[in-house]
Every structure is written in structure tokens, then in C-alpha cells.
Amino acid sequence: MFMLSVWGVTSGSIFKTNLMLLHRFTTVKVFLPVCFLLLIIMSLGCADKIKTDLLGYRTLDEGLTNSNDVIGEQSKFLLKSLQNQLMDSATVQKAQIWLPRAQQIEKLSEDVFDYILGLKSQLKKEAGLKQTAERESFRENDKNAVLRLFRKQARANELYKFLEDYRKNVLMTDPLIDSSFRDSLQVTDHYFESSGARAQDFEKLFFDDIPVVAALAVLSKFQNNIRIIENKAIGFCEAQANK
Numbered sequence: 381m382f383m384l385s386v387w388g389v390t391s392g393s394i395f396k397t398n399l400m401l402l403h404r405f406t407t408v409k410v411f412l413p414v415c416f417l418l419l420i421i422m423s424l425g426c427a428d429k430i431k432t433d434l435l436g437y438r439t440l441d442e443g444l445t446n447s448n449d450v451i452g453e454q455s456k457f458l459l460k461s462l463q464n465q466l467m468d469s470a471t472v473q474k475a476q477i478w479l480p481r482a483q484q485i486e487k488l489s490e491d492v493f494d495y496i497l498g499l500k501s502q503l504k505k506e507a508g509l510k511q512t513a514e515r516e517s518f519r520e521n522d523k524n525a526v527l528r529l530f531r532k533q534a535r536a537n538e539l540y541k542f543l544e545d546y547r548k549n550v551l552m553t554d555p556l557i558d559s560s561f562r563d564s565l566q567v568t569d570h571y572f573e574s575s576g577a578r579a580q581d582f583e584k585l586f587f588d589d590i591p592v593v594a595a596l597a598v599l600s601k602f603q604n605n606i607r608i609i610e611n612k613a614i615g616f617c618e619a620q621a622n623k
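According to the working numbering, the sequence shown is numbered sequentially starting from 381.
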């Protein structure tokens with residue numbers, strides 16, 4: 381996993397504090413770079429393999445999932461506001477232009493978000509998923525399941541294409557969206573996208589030698605990226621209709 385080899389091991393007390401802060405931040409609208417997420421994952425991976433490691437990964441995933449829910453609700457609120465502008469004579473003409481674009485962005489976002497949700501389900505099955513009415517269980521520390529799904533079954537390459545196509549399709553919804561967001565839409569990670577890394581580096585960077593529960597957190601961060609882009613783009617559409 382290139383790039384990560386320069387990161388050191390954090391002490392248990394410092395790392396515990398970081399986890400608490402991360403959980404607090406990701407339950408509101410705060411957007412974490414994937415590299416920071418991977419730093420935490422690598423710090424956990426360097427510690428003793430004990431139950432607290434798995435708890436840390438779960439905390440990451442839970443915080444990101446909560447963040448995704450909050451941002452998703454904000455985007456729905458913006459869409460509703462845009463729909464209401466159709467009933468206002470002062471904004472109806474522009475709303476008729478921008479509402480379809482916002483709805484297209486919502487559809488593109490849901491498609492990729494749901495695709496990643498499907499990857500999570502596949503990964504859990506690879507790790508021996510067992511479900512009851514009350515709970516689900518799987519081998520959270522299984523690194524081979526991650527290897528099988530993302531390398532041997534080439535799901536990492538497939539995911540990378542989905543994310544890149546999503547970026548292109550969002551920018552294509554309108555020339556103004558393209559010019560406003562072309563340089564800021566981040567579907568993976570700033571380091572990865574600015575370093576000239578290639579598609580074949582994607583799996584090695586994000587899914588190499590990590591357990592299932594850590595891979596789930598990485599997938600949640602990609603979903604977080606989608607929710608951020610959706611929120612910004614729909615907010616842009618709503619603002620244009622108000623001009």
C-alpha cells in the first residue's frame with residue numbers, strides 16, 4: 381500500500397482520542413479525506429490484534445454512515461425547496477430548468493451509492509455472513525475476503541470505474557456545473573487524484589492488506605464522497621433557480 385508506509389504508529393491513548401473526535405465529527409456535516417481514514421486504519425493495523433481494533437473500525441464506519449444519513453437528508457430538503465419554487469411566479473422559469481438537473485444528479489448519486497451498498501453486502505458474504513432477526517455476524521478481521529472480492533474478482537477496478545463515471549456524468553448535467561465543480565469534485569481521495577495514480581493503483585492503495593471491517597469503512601467514505609457531491613451540486617441548482 382504505497383503512500384501509507386511513511387505513516388507511523390500512534391499511541392493507544394492518542395488514537396483513542398482521535399477515534400472519539402472522528403465519531404463526533406462524522407455524525408454531523410464534516411467531510412473526512414480518505415487518506416485520514418486510511419491513516420487511522422493503518423494505525424489500528426499496527427497495534428495488537430485485539431477486540432478494541434475491531435471496535436475502532438466499527439466506530440469509523442458508524443460515524444461515516446451517520447454522516448451520510450445527515451447529508452442525504454439535507455439534499456432532500458434542497459430538492460424539496462427547488463420543487464416549491466415551481467409554485468412561485470418569481471422563480472418558476474428557472475426552477476423548470478434546474479429541477480430536472482438536480483433530479484438527474486440525485487439519480488446518479490443513488491445509483492452509485494446503492495452499488496457501493498451492494499459491495500458491502502458481497503464483502504460480508506465473502507466473510508461468512510450469518511443473519512438472524514436480531515443481528516448479523518461475519519468475520520470482521522478476514523483479510524482474505526477483501527483480497528478475493530476486490531482483487532481476484534476485480535471489484536476494485538469496477539468500483540473505480542463507477543466513481544469516475546459518476547464524476548463525469550455529474551459534470552455533464554450542465555455547463556455551469558462543469559465549470560463550477562470540475563476542479564473540486566473528489567470521488568476517491570485528494571492524494572490519489574492529484575498524484576497521477578493510475579486505475580491499477582486503486583486496489584493497492586485502498587484495499588490491500590486490510591480486514592473486512594476496515595474495507596467497509598473505506599466503502600462508507602466513498603459513499604460519503606457521493607453524498608457530499610450530491611449535496612453541493614443540488615445546492616448549486618437550488619441557488620441558480622433563486623437568482
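Just so you know, even glycine gets a beta-carbon here, dropped at the ideal spot from N, CA and C.
No experiment lies behind these values; they were computed from the predicted model shown.
Do you know whose CA, among Gln454, Ser455, Pro480 and Glu453, lies nearest Leu466's CA? Pro480
By the 10 Å Cβ neighbour count, where 16 or more other Cβ atoms means buried, how is Arg562 classified, buried or exposed? exposed
Using CA coordinates, which residue listed in Thr568, Lys456, Arg535 and Ile590 is at the minimum distance from Ser501? Arg535
Cα-Cα separation, Tyr546 to Asp468: 32 Å
Own chain residues within Cβ distance below 6 Å of His403, not counting five before or after: Annotation note: pLDDT 39 at His403 (below 50); position unreliable, coordinate value reported separately. Once the five neighbours on either side are set aside, the close Cβ partners of His403 are Thr439 and Gly443.
Out of Leu527, Val492 and Gly498, point me to the one whose CA is closest to Lys541's CA. Val492
Excluding the five sequence neighbours on either side, which residues of its own chain have a C-beta within less than 7 Å of the C-beta of Lys505, listed in chain order? none
Roughly how many angstroms separate the alpha carbons of Ile557 and Val550, rounded to a whole number? 8 Å
Per-residue burial, Lys591 [other beta carbons within 10 Å of its own, 16 or more giving buried]: The residue asked about is misnamed: residue 591 is Pro in this sequence, not Lys. Buried, by the Cβ-count rule.
Inter-residue spacing [alpha-carbon to alpha-carbon] between Tyr437 and Gln620: 40 Å
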